[in-house]
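Peer 1: Mapped onto this note's numbering, the consecutive letters of the sequence shown carry residue numbers 132 to 921. From the three backbone atoms N, C-alpha and C, an ideal C-beta is built for every residue, glycine too.
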Amino acid sequence: MNKRLPRSLLVVLLAAALGAFFALDLGRWLSLEQLRAAQAGLEVAYRDRPLQVIGAFFAVYVAVTALSLPGAVPLTLAGGALFGLGLGTLVVSFASTAGATLAMLVSRHLLRETVQSRFGARLAEVDRGIARDGAFYLFTLRLVPVLPFFAINLLMGLTAMRVWTYAWVSQLGMLAGTLVYVNAGTQLAQLTSLQGIVSPQLLGAFALLGVLPLAGRWLVSALKARRALAPWRHLRPRRFDRNLVVIGAGAAGLVTSYIAAAVKARVTLVEGHRMGGDCLNTGCVPSKALIRAATLAQEIREAHLYGVHATAGGADPGRGLTSPVCASAAPARVTVDFPAVMARVAQVVRDIEPHDSPERYRGLGVDVQLGQARVVDPWHVQISHADGQTTTLSTRAIVIATGARPVVPPLPGLQEAGVLTSDTLWGLQELPRQLLVLGGGPIGCELAQAFARLGSQVTLVEMGPRLLPKEDDDAATHARQCLEADGVRVLTGHRALRCEPRQDAAPVPSAPDVGETPAKAPAGTAVSDDPWSLVTEHDGLEHHIPFDRILCAVGRQARLEGFGLEALGIATSGRTLPVDEHLQTVFPHILACGDVAGPYQFTHAAAHQAWYAAVNGLFGSFRRFKVDQRVIPWCTFMDPEIARVGLNEQDAQAQGVPYEVTRFDLGELDRVIVEGVGDQTSSGSGGGGGSGQRSERDAASRAGWVKVLTPPGKDRILGVTIVGRHAGELIAEWVMAMKHGLGLNKVLGTIHIYPTLAESAKYTAGAWKRAHQPLALLRWVERFHAWRRG
Ligand SMILES: Cc1cc2nc3c(=O)[nH]c(=O)nc-3n(C[C@H](O)[C@H](O)[C@H](O)COP(=O)(O)OP(=O)(O)OC[C@H]3O[C@@H](n4cnc5c(N)ncnc54)[C@H](O)[C@@H]3O)c2cc1C
132 MNKRLPRSLL
142 VVLLAAALGA
152 FFALDLGRWL
162 SLEQLRAAQA
172 GLEVAYRDRP
182 LQVIGAFFAV
192 YVAVTALSLP
202 GAVPLTLAGG
212 ALFGLGLGTL
222 VVSFASTAGA
232 TLAMLVSRHL
242 LRETVQSRFG
252 ARLAEVDRGI
262 ARDGAFYLFT
272 LRLVPVLPFF
282 AINLLMGLTA
292 MRVWTYAWVS
302 QLGMLAGTLV
312 YVNAGTQLAQ
322 LTSLQGIVSP
332 QLLGAFALLG
342 VLPLAGRWLV
352 SALKARRALA
362 PWRHLRPRRF
372 DRNLVVIGAG
382 AAGLVTSYIA
392 AAVKARVTLV
402 EGHRMGGDCL
412 NTGCVPSKAL
422 IRAATLAQEI
432 REAHLYGVHA
442 TAGGADPGRG
452 LTSPVCASAA
462 PARVTVDFPA
472 VMARVAQVVR
482 DIEPHDSPER
492 YRGLGVDVQL
502 GQARVVDPWH
512 VQISHADGQT
522 TTLSTRAIVI
532 ATGARPVVPP
542 LPGLQEAGVL
552 TSDTLWGLQE
562 LPRQLLVLGG
572 GPIGCELAQA
582 FARLGSQVTL
592 VEMGPRLLPK
602 EDDDAATHAR
612 QCLEADGVRV
622 LTGHRALRCE
632 PRQDAAPVPS
642 APDVGETPAK
652 APAGTAVSDD
662 PWSLVTEHDG
672 LEHHIPFDRI
682 LCAVGRQARL
692 EGFGLEALGI
702 ATSGRTLPVD
712 EHLQTVFPHI
722 LACGDVAGPY
732 QFTHAAAHQA
742 WYAAVNGLFG
752 SFRRFKVDQR
762 VIPWCTFMDP
772 EIARVGLNEQ
782 DAQAQGVPYE
792 VTRFDLGELD
802 RVIVEGVGDQ
812 TSSGSGGGGG
822 SGQRSERDAA
832 SRAGWVKVLT
842 PPGKDRILGV
852 TIVGRHAGEL
862 IAEWVMAMKH
872 GLGLNKVLGT
882 IHIYPTLAES
892 AKYTAGAWKR
902 AHQPLALLRW
912 VERFHAWRRG
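1. Secondary structure at P455, three-state DSSP: helix, strand or coil?
2. Span of the beta strand (DSSP E) holding E772?
3. In its own chain, which residues sit with a C-beta less than 6 angstroms from the C-beta of D644, not counting the 5 before and 5 after it?
4. Roughly how many angstroms lie between the CA atoms of G186 and A291, to the nearest whole one?
5. Indicate the three-state DSSP secondary structure (helix, strand or coil) for S664 in the structure shown.
6. Is Q302 near ligand 1, judged by its Cβ being under 6 angstroms from some heavy atom?
7. Is any non-hydrogen atom of ligand 1 found closer than 6 angstroms to the C-beta of I574, if you look at the structure I gave you?
8. Less than 6 angstroms between the CB of H735 and some heavy atom of ligand 1, yes or no?
9. Under 6 angstroms from any heavy atom of ligand 1, does the C-beta of D770 make it?
10. Give the DSSP-derived three-state secondary structure of D482 in the structure shown.
11. Would you mind reading off the limits of the beta strand (DSSP E) that contains A121?
12. Counting pairs of Cβ atoms below 8 angstroms between the stretch 507-515 and the stretch 417-430, do you hit three or more?
13. In angstroms with no decimal places, state the Cα-to-Cα distance between P886 and W836.
14. I'd like the ranges of any alpha helix (DSSP H) spanning at least 4 consecutive residues and lying wholly in the stretch 734-761.
15. Counting only the same chain and skipping the five closest in sequence on each side, list residues whose C-beta sits under 8 angstroms from that of L140.
16. So which of I431, Q503, F267 has the shortest CA-CA distance to R464?
17. For K355, is the classification buried or exposed, using 16 other Cβ atoms within 10 angstroms of its Cβ as the cut-off for buried?
18. Mark K757 as exposed unless 16 or more other C-beta atoms lie within 10 angstroms of its C-beta, in which case mark it buried.
19. Would you report the Cα separation of S454 and A834, rounded to the nearest angstrom?
20. G549 to L559, Cα distance in whole Å?
21. When DSSP labels each residue in this structure, what does T317 get in the three-state scheme?
22. To the nearest angstrom, report how far apart K845 and R249 are at their CA atoms.
23. Does the stretch 496-505 come within contact of the stretch 681-690, defined as at least 3 CB pairs closer than 8 angstroms?
24. Using only the alpha-carbon positions, how far apart do R405 and H486 sit?
25. Assign S752 to one of two classes, buried (16 or more other C-beta atoms within 10 Å of its C-beta) or exposed (fewer than that).
26. With distance defined between alpha-carbon atoms, name the residue in A148, I574, L269, T667 nearest to S553.
27. Under the rule that 16 or more other beta-carbon atoms within 10 Å means buried, what is K395, buried or exposed?
28. Within a Cβ cutoff of 7 angstroms, which residues of the same chain sit near G897, ignoring the five residues on either side of it in sequence?
29. Give a yes or no on contact between the stretch 279-286 and the stretch 198-212, applying the rule of three or more CB pairs nearer than 8 angstroms.
30. Using the beta-carbon count (16 or more within 10 Å), is I773 buried or exposed?
31. Should V401 be listed as close to ligand 1, given that the test is whether its C-beta is under 6 angstroms from any heavy atom?
32. From the DSSP output, in three-state form, read off C766 for me.
33. Can you check the stretch 664-722 for any alpha helix (DSSP H) of at least 4 residues that lies completely inside it and give the ranges in chain order?
34. Could you tell me the alpha carbon to alpha carbon distance between V175 and A785, rounded to whole angstroms?
35. Of the residues D156, T852, V912, M305, which one's Cα is nearest the Cα of D605?
36. Looking only at C-alpha atoms, which of K877, R273, F469 sits nearest to A428?
As structure tokens, then:
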């Protein structure tokens, strides 16, 4: 199918062909009676000019099937009558395959885009299923006559099945039917009707043949599980101590065990380190507490913009904070007592600890055991307690919720330089003077900004061409500008090679040999005594970036090793544990959820998966649920926050989903003007250097924006990105709308309190509505009003 063939032309051609077929009553030539009447003449023609007759037959067959016209069965019989069983089957088989493939392509060309724009997310789900099992389904459909052949062609055209797969599976699936009909055709003279050709017994046999692949697939996975379990089968106990053992008490494990206890299962939760996992102890909670302190420091610097002046309080370590931000007033000098900041961070963790404590979970009915878990065989988990005691529990099911740890690349010198990670950062007692953050993802950006605002001189080094690679370019660019305004030196396209101790004590220029980012070393800041430098490769040259502390934030790797998975034969080499859509491993009763399973490494994603892990672990032998990960939101907690749900532009383009964009600049919102968010972000921090750059930016965009993707002309929400203060809170309304299929009209019809940031949802929906006004109708209404005025 020529992709560039205009759709309108194809529609005209199709309509003309179908019109001619029915107007000229060509169908009468494809009846059994006509075939029998023409048989003798056709046989003579075939004897005289066999190739031409085969060619003509092939062409007619392809045309009839490609246009989904009735007549394929009589034609197949004719194939048998004319060419005999062998050649007839060959010709019909290839002709029907070619016709079916063409019909499928016509359907794809005419309809897929429309269907995709209406049902994009659901179609994507179907496409994933087709990619996985499409060949099996098609084969079954070809054999089991639940759908007419033309309907199969039309439906499959709506999916993303590969043309070649479609063709060969169709040919294979249609072969049995073709043989039967061609064979019947060899006895054309004796046939009185089309009805008796396929007996109920034969139909039954076809159906059996059709479900065979699916049954086979089910059997294969059952056998796989059986084979995986075979070496262990003798260890399967007759009775079990527990219904479920959950390994790891982070978000995933806590929620899994909570759900299991709620449905009265006997469940043990094992934690080897600290209850609450990474989120509470080294992730979300401490990082947000640190960000809170950093935001406060920034707000104090900007207080003068509101006419509020903090009492001068000494030097601002490392930063100077002398940037001109307002013609009439000077920013306050901020003193950061870093140990006190870290003490508060630790206190916040302690304050939240009771939510995840063993006592709380025991109260909920969970048997909490503190110790290192080890899977000794598929039904036994051994727990090694701190006092040297061990307990072994037999269990019907196991959920692995062991989370992930920071990846530290094997860079020469990195360990010697005392690399920090999100695991070790929280023990810092001294504010790094010159902090190098390796990695421009969400964690790197959040922490780079926080440390810059607390007073470190921060350089952010990213290997890719830009920060936040999962977000749209505009959001990533905005993030970069905000970081730079806070004094962070952002270096993208820099591949880290090694860390080296600095030999020289000579002063280092504030922006050494890296020209792409304006460095903002505050006046008077000496950087000469930074003991280390990171050597990067950029544009074919080596660059030396000095630091006294280096923080590695280049990604997180599932915790898979060292607790028995290797011995079970579960793959432990990947970034995450391989699980299917039910979160089952190769052993159906051993499941995984949270960071260890991925693909989303967020606390709320872990908690969401946990429900599936618990239910499938406990009840999977009767009914399993596929994990639904269609509407998973997330937020990068920089200032401004960047929150997202569903598709953004780069995803939509990559997936070929047609979309239109509605954008609302938050700077237009009354509440934003009241709060002065735009002013604040435009002021830059005390780090200096950023304000000039900011002032060049579109004033309305400074406060951020809401960007909604919808299918062209439709109000269905494909995805939303919000860049702005409290974006993580604002996204909730959009998550709700997407989850429950509410479109922009419904958002517009919802009352929002004035003046709030939440009104941004209504205004965005209003912007969409304005862009889709019924202009023709409004012209008539205008005339009506003019007429009423007389
Ligand atoms: C700096 C940082 C900031 C973050 N900010 C956010 C945020 O703002 N929002 C958000 O949604 N997500 C955030 N995340 C991600 C979030 O922390 C994780 O997605 C979440 O913790 C995953 O939970 P989990 O239960 O899968 O794993 P974890 O929380 O890692 O829990 C796994 C637990 O298993 C235990 N364990 C491992 N092996 C064994 C064993 N053999 N025996 C017994 N116990 C074992 C570990 O000790 C650990 O406690 C952040 C992460 C980091 C690093």
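Peer 2: The answer reads as follows:
1. At P455 the pLDDT is 35, less than 50, meaning the model places this residue with poor confidence and gives no usable figure here.
2. Start and end: 772-777.
3. Legend: pLDDT at D644 = 35, less than 50; position of this residue unreliable, value from coordinates given subsequently. Within the same chain, D644 has close Cβ partners H674.
4. If I take the Cα positions, the gap works out to 31 angstroms.
5. Note: S664 maps to strand in three-state DSSP.
6. Exclusion of Q302 from the 6 angstroms shell around ligand 1 follows from its C-beta lying no nearer than that to any non-hydrogen atom of the ligand.
7. Answer for I574: yes, Cβ within range of ligand 1.
8. It does: the Cβ of H735 is within 6 angstroms (strictly closer) of some heavy atom of ligand 1.
9. Not a single heavy atom of ligand 1 lies less than 6 angstroms from the C-beta of D770.
10. Helix at D482.
11. This structure cannot settle anything about residue 121, because the visible part of the chain is limited to 132 through 921.
12. The stretch 507-515, when compared against the stretch 417-430, does not touch it at the 8 angstroms Cβ threshold.
13. Between P886 and W836, the C-alpha separation is close to 17 angstroms.
14. If we require 4 residues or more, the alpha helix (DSSP H) runs fully inside the stretch 734-761 come out as 734-750.
15. The beta carbon of L140 sits closer than 8 angstroms to no other beta carbon from its chain once the five residues preceding and following it are set aside.
16. Shortest Cα-Cα distance from R464 to any of I431, Q503, F267 involves I431.
17. That one is exposed.
18. For K757, the number of other beta carbons within 10 angstroms of its own is below 16, and it is reported as exposed.
19. Low per-residue confidence applies at S454: pLDDT is 37, beneath 50, and the placement is therefore not dependable, though the value from the model is reported in the following sentence. Rounded to the nearest whole angstrom, the C-alpha separation of S454 and A834 is 20 angstroms.
20. Straight-line Cα distance between these residues: approximately 12 angstroms.
21. In this structure, T317 counts as coil in the three-state DSSP scheme.
22. Going from the Cα of K845 to the Cα of R249 covers about 8 angstroms.
23. These segments do not touch.
24. Their backbone Cα atoms lie some 13 angstroms apart in a straight line.
25. S752 comes out exposed.
26. Each of A148, I574, L269, T667 was checked against the Cα of S553, and the nearest Cα belongs to I574.
27. Per the 10 Å Cβ criterion, exposed.
28. Annotation for G897: L879 place their beta carbon closer than 7 angstroms to its own, counting only its chain and skipping 5 residues before and after.
29. Segments in contact, yes.
30. Only buried fits I773, as 16 or more other CB atoms lie within 10 angstroms of its CB.
31. Yes, the beta carbon of V401 sits closer than 6 angstroms to at least one heavy atom of ligand 1.
32. Here C766 sits in strand by DSSP.
33. List check, alpha helix (DSSP H) in window: 696-699.
34. When rounded, the distance between both Cα atoms is 57 angstroms.
35. Nearest C-alpha to D605: T852.
36. Cα-wise, what sits closest to A428 is F469.
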